[in-house]
Amino acid sequence: MRRLLVIQHDHVSPLGPVAAAFEARGWECVYHLVVPPERFDAPDVPGRFPPLSGVDAVLAMGAPWSVYEIELVGSWVLPEQDLLREADAGGIPVLGICFGGQLLAQTHGGSVSRAPQGEIGWVDISTDEPEIVPPGPWFQWHADRWVVPPDGVELARNEAASQAFSLRRNLGLQFHPEVTVDMLLGWLDNGGDAVLTAEGIDREDLLALTRRLEADAAGRAERLVEGFLHFAGLA
32 MRRLLVIQHD
42 HVSPLGPVAA
52 AFEARGWECV
62 YHLVVPPERF
72 DAPDVPGRFP
82 PLSGVDAVLA
92 MGAPWSVYEI
102 ELVGSWVLPE
112 QDLLREADAG
122 GIPVLGICFG
132 GQLLAQTHGG
142 SVSRAPQGEI
152 GWVDISTDEP
162 EIVPPGPWFQ
172 WHADRWVVPP
182 DGVELARNEA
192 ASQAFSLRRN
202 LGLQFHPEVT
212 VDMLLGWLDN
222 GGDAVLTAEG
232 IDREDLLALT
242 RRLEADAAGR
252 AERLVEGFLH
262 FAGLA
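Numbering (this note's numbering), first residue to last: 32 to 266.
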């Protein structure tokens, strides 16, 4: 059985249908929680990560923080970057989602900064490789965006940001293929409601749209996982 190391940065971001897609293909998902619930408001925890021995792929998930907030999360962001470099050097594929994708970009010579316009909600994207990155709609919740690393290839985009890039056996995504209604509720209950209010987004409208799109989005997430595994030579 192949093993996927899932780097879960916070307690309100489970892997949802993405985990189900890996498990349906015979993978074991091994989770590493970086910031425990009691440190959510003080996330500068020690950066300790499990070894990559016996790991066939890595998945770096999203987070409510920014990869460049070194004073806030540098205690584990910098060691995680070392882990991503080690995976790349060892030929271990990495899938990065939102914060994880941004961290991939920053690790391999790109950059991450505040976007002129953030995105929250369900958004279509333009994709050059629909068999790897389907066009959506995908759920977005981000205020930052990356510059693709020099050796990377942009695979998808929209007017707000680059949405996917590949680099050797690494695949970075800006959107959230793992989102479910329950997950979104967890985000809203842990600071997200205030963000929606500030952005003038109606909570119930967003939840209603997510309920309507959840099943179709799970199917797209499954196709995305299949595309990643083919891209990485693991299918």
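Even for Gly, the Cβ is constructed at its ideal location relative to N, Cα and C.
It should be emphasised that the depicted structure is a prediction, and the values quoted were computed from it without experimental measurement.
C-alpha gap between residue i and residue j, whole angstroms
i      : j      : result
Phe274 : Gly105 : No statement about residue 274 is possible, as the shown extent of the chain runs from 32 to 266 and does not include it.
Gly264 : Phe170 : 27 Å
Phe206 : Trp172 : 7 Å
Val154 : Asp224 : 20 Å
Met214 : Thr138 : 27 Å
Leu204 : Gly131 : 8 Å
Gln194 : Glu111 : 22 Å
Val179 : Arg188 : 11 Å
Trp218 : Thr211 : 11 Å
Val143 : Pro181 : 13 Å
Arg201 : Val125 : Before going on, a small fix: residue 201 reads as Asn here, not Arg. Answer to the nearest angstrom: the Cα atoms are 5 Å apart.
Thr241 : Arg116 : 35 Å
Ala118 : Arg176 : 23 Å
Ala52  : Arg199 : 23 Å
Leu244 : Leu237 : 11 Å
Glu185 : Glu235 : 34 Å
Cys60  : Val226 : 31 Å
Trp107 : Ile123 : 20 Å
Leu216 : Asp233 : 13 Å
Residue from the options with nearest C-alpha to residue i
i      : options                          : result
Arg251 : Ile38, Asp41 and Gly47           : Gly47
Gly78  : Pro166, Leu244 and Leu64         : Leu64
Pro161 : Thr138, Gly57, His261 and Ile38  : His261
Ala248 : Ile38, Leu36, Gln39 and Val49    : Val49
Glu100 : Ala88, Pro81, Arg70 and Leu134   : Leu134
Glu69  : Asp41, Pro181 and Gly140         : Asp41
Gly167 : Gly141, Gly57, Gly152 and Arg199 : Gly152
Phe196 : Thr211, Thr158 and Leu219        : Thr158
Asp75  : Leu126, Asp87, Glu102 and Arg56  : Glu102
Ser97  : Phe80, Ala246 and Ala136         : Ala136
Ala88  : Met32, Trp107, Leu109 and Phe71  : Met32
Met62  : Phe71, Glu185, Val226 and Val86  : Checking the sequence, you will find Tyr at residue 62 rather than Met. Ranking Phe71, Glu185, Val226 and Val86 by Cα distance to Tyr62 puts Val86 first.
Leu109 : Arg234, Pro95, Gly57 and Phe80   : Phe80
Phe71  : Glu235, Arg234 and Asp220        : Asp220
Ser84  : Asp113, Asp233 and Leu36         : Leu36
Buried versus exposed call for residue i [16 or more other C-beta atoms within 10 Å across all chains shown]
i      : result
Val66  : buried
Thr228 : exposed
Ser44  : buried
Gly93  : buried
Pro82  : exposed
Ala239 : exposed
Gly231 : exposed
Gly141 : buried
Beta-carbon proximity of residue i to residue j, cut-off 8 Å
i      : j      : result
Ala120 : Gly149 : no
Arg34  : Pro165 : no
Ile156 : Glu209 : no
Ala73  : Ala146 : no
Ile38  : Ala91  : yes
Pro95  : Gly183 : no
Glu257 : Ala246 : no
Residue i beta carbon near the ligand NAD (any heavy atom closer than 7 Å)
i      : result
Pro147 : The model on display carries no ligand, and the ligand NAD is accordingly not part of it.
3 or more residues per run - each beta strand (DSSP E) lying fully within the region 150 to 201: 169 to 178, 184 to 188 and 193 to 198
Start-end ranges of the beta strand (DSSP E) lying completely within the region 54 to 82, minimum 3 residues: 59 to 64
Beta strand (DSSP E) runs wholly inside the region 94 to 132, at least 3 long, in chain order: The region 94 to 132 contains, as complete beta strand (DSSP E) runs of 3+ residues, the segments 125 to 128 (chain order).
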